[in-house]
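Residue numbers (my numbering): 719 to 873.
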C-alpha cells in the first residue's frame, strides 16, 4: 500500500513538472512614480500599505477608491513591488487585471492615476468608468481570465 501511494505521488509530480507555464498579467503594476506611496507611509509605521477598490458611483457606474490600511483583508489580493504593498479588494480584482498605477504631479495637483486596458468608457464627470466584461465572466471567472489572455495552459 505504501509503495503504491509513493508511485502515485511521483506520477503527479512528474506530470506537473512537465507543464510549461505562460507568463500572465500582474493584477496591478506600478510605475516608478507610484512609489510615492512609500513617502506617504514613511511616518505612519502602523500602516502596512494601501488598499485599492471600486465603488458604484458617478454617472457611469464604477469609481476607484484608494485608502491606507493597517491589515490585509482575508480576500484581498496582495501586490508587492519595489517594497510597496498594495492590497486589491475582492470586488475590484477582476476589474483591475492588467492595470498600471501611476502618480502624476503638476503645478496645481497631484494624484494617483489608474491606466486600465479594460476600460470601455468614461464620462464627463471624471469620476466613473465602466469596463468591457462579458456576462459569462460572472458565472465562470476562469473563462474571463482566458478571454483576457491572462491564463493559458500548455501541456
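A virtual CB, placed ideally from N, CA and C, is assigned to each residue, including glycine.
Whose C-alpha, out of the options, is nearest the C-alpha of residue i?
i	options	result
residue 810	758, 780, 749 and 755	780
residue 793	764, 806 and 774	806
residue 764	835, 744, 788 and 808	788
residue 786	747, 836 and 804	804
residue 783	796, 800, 769 and 746	769
Any idea if residue i is buried or exposed, counting beta-carbon neighbours within 10 angstroms, 16 or more meaning buried?
i	result
residue 771	buried
residue 798	exposed
residue 774	exposed
residue 843	In this prediction, residue 843 has a pLDDT of 46, which is less than 50 and means its spatial position is unreliable; nothing more can be read from the coordinates.
residue 767	buried
Can you tell me which residues form a DSSP beta bridge with residue i?
i	result
residue 833	818
Suppose the cutoff is 7 Å on Cβ atoms and the five residues either side in sequence are ignored; what does the same chain contact list for residue i look like?
i	result
residue 833	817, 818 and 820
residue 801	756
residue 751	820 and 821
residue 753	800 and 802
In chain order, what residues of the same chain lie with their CB nearer than 6 Å to the CB of residue i, ignoring the 5 residues before and after it?
i	result
residue 795	745, 806 and 811
residue 835	816
residue 828	none
Taking 8 Å as the limit between beta carbons, can you name the residues of its chain near residue i, skipping five residues before and five after?
i	result
residue 762	786
- At a cut of 8 Å, does the region 757 to 765 reach the region 821 to 839 through at least three beta carbon pairs? no
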